[in-house]
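Positions in the sequence shown are counted from 1; adding 15 to them yields this note's numbering.
What follows is one structure encoded as C-alpha cells, with my remarks underneath.
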Amino acid sequence: MNMAVKIGRLKLKNPVMAASGTWGTDYLELSDAGKLGAVVLKTVTLESRTGNRSPRVCETASGMLNSIGLENKGIDDLIENKLPRLNGIRTCIIASIAGDDKREFKELAVRLSACKRVDAIEINLSCPNIKYGVNEGLIAHNEKAVYTTVKAVREATKLTLITKLSPNVTDIKVFACAAEAAGTDAIALTNTFIGMAVDINTGRPMLGNITGGLSGPAIKPMSLRAVWEATKAVDIPIIGIGGIMDYKDAIEFMLCGASAIQVGTANFVNPNSTVEIVEGIEAYLKRKNIGGIGKLIGAIKLG
Ligand SMILES: Cc1cc2nc3c(=O)[nH]c(=O)nc-3n(C[C@H](O)[C@H](O)[C@H](O)COP(=O)(O)O)c2cc1C
C-alpha cells in the first residue's frame, strides 16, 4: 500500500506525525518512531524558557487544558543534546521554532538548517500562552505579522517550511493565505483553542496562567472545520491537527483535504497511538479497496 505523502520537498513514508510538545525522546522507549511519517519536536526558542506558573495542565470534559508556555532549554541544548539522540531513527525530524520577533525566528531557522538531522521547520506562531512582542499579542492573530515572520524564515532556509496557525481567529482563510503568500510550503492547523476552567472548591482558576490551550477530542470538530476552510483557500498542503485519537479521526481530516495529520493529546493517553493510527489507516485503505493514500486526500463526498 502506498502511504507516502509529500509536504513541500519533504517525502514522508506515511502521513502520520507526532505533534509538537507532545512527543519527546523518552517516547523512543515506548513506541517505534521509525514507523511514523515524522515527529515534530517541542518548540524551541533561542534562550531557555521556564514557562508559565503551575498548575500548567488540567483535565476537562473530552480534552485537556495546558499553559506550559513554551518551557524549553533553548537551541544550544537541542543541537548539542537532543538531536544526537535522534540519530539512527528512521523518520523525518521537524524542528518547531518560536521567537519574540522575526530576527529570532530567522536566527533559529539558520542554525537549524545547518543541522543534518533536521528535515523541515515548523514555525509556531500560535502558542496562546506567550506574547511575541507584536502590539496586538500573538503573531498568529495579526495577518501582517504572520506574513513578515514567515517571509523572514523563508529567506533564511531552504528546508521545507510548515507554518502552524492559531484557530483563535475569526477567519482562518485570511491567515492561511498570508502564510502562503509569504512562501510557506504547508500549513499546520490547528494549535490549541483558548479556554479556562475553575475549581469551585477554591474559587480559583485551575491553571496558574488562568487561561490555557484546549486540546483533545473536544476540539476535533472545530479543527476539522478550520482545515476544511483552509484547504479551499490555499494551494499548498494542509496538515490537520486537533483531537485525533485514532485512525478514524485521522481519516476524517484527510477526507476534508488534509495531506497529513499530527497527533498530540492522544500520545499522553497511549504512547503508541501514532503507530496504531498508521496501521489503522493502512487497514482502512485495504478494507475499502482504496489504491493509495493520495486517493483519500480531499475525497469527501458532498451533495
Ligand atoms: C502539553 C502540550 C504541549 C504543547 N506544546 C506545543 C509546542 O511546544 N508547540 C506547538 O506548536 N504546539 C504545542 N502543543 C499543541 C499541539 O501540538 C497540538 O497542536 C494541539 O494539542 C492540538 O492537537 P491534539 O488535540 O491532538 O492535542 C502542545 C499541546 C499540549 C497538550
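By construction, the Cβ of each residue, glycine as well, lies at the ideal position given by its N, Cα and C atoms.
Separation of residue j from residue i, as counted between CA atoms
i    : j    : result
E291 : K50  : 10 Å
L174 : N17  : 24 Å
A314 : A196 : 26 Å
I94  : A194 : 27 Å
I209 : S111 : 20 Å
D214 : S238 : 27 Å
Y320 : R100 : This structure leaves residue 320 out entirely; the chain is present only between 16 and 318.
T246 : C192 : 10 Å
Three-state secondary structure (DSSP) of residue i
i    : result
T106 : coil
A226 : Here residue 226 turns out to be Thr, not Ala, going by the sequence shown. It is a strand residue.
V290 : helix
D173 : Sequence inspection shows Lys at residue 173; the Asp mentioned does not correspond to that position. Coil at K173, not helix or strand.
I83  : coil
D116 : coil
R219 : strand
C130 : coil
E244 : helix
C271 : coil
E74  : strand
I256 : strand
Proximity below 8 Å, CB of residue i to CB of residue j
i    : j    : result
V55  : I104 : no
K83  : G66  : It is Ile, not Lys, that sits at residue 83 in the sequence shown. Yes; because the gap between Cβ atoms is below 8 Å, this pair is in contact.
A248 : K301 : no
N287 : T37  : no
L98  : R132 : yes
Selected residue, minimal CA-CA separation from residue i, among the options
i    : options               : result
I138 : C130, L101, S181, K97 : S181
N29  : K235, G295, T226, K57 : G295
L222 : S46, T40, C192, N81   : N81
T163 : K117, A212, F190      : K117
Nearest-angstrom beta carbon gap, residue j and residue i [assumed within contact, 8 Å]
i    : j    : result
N87  : T60  : 6 Å
C107 : L27  : 6 Å
I276 : V72  : Not really, about 23 Å apart at Cβ, beyond 8 Å.
A167 : K121 : 5 Å
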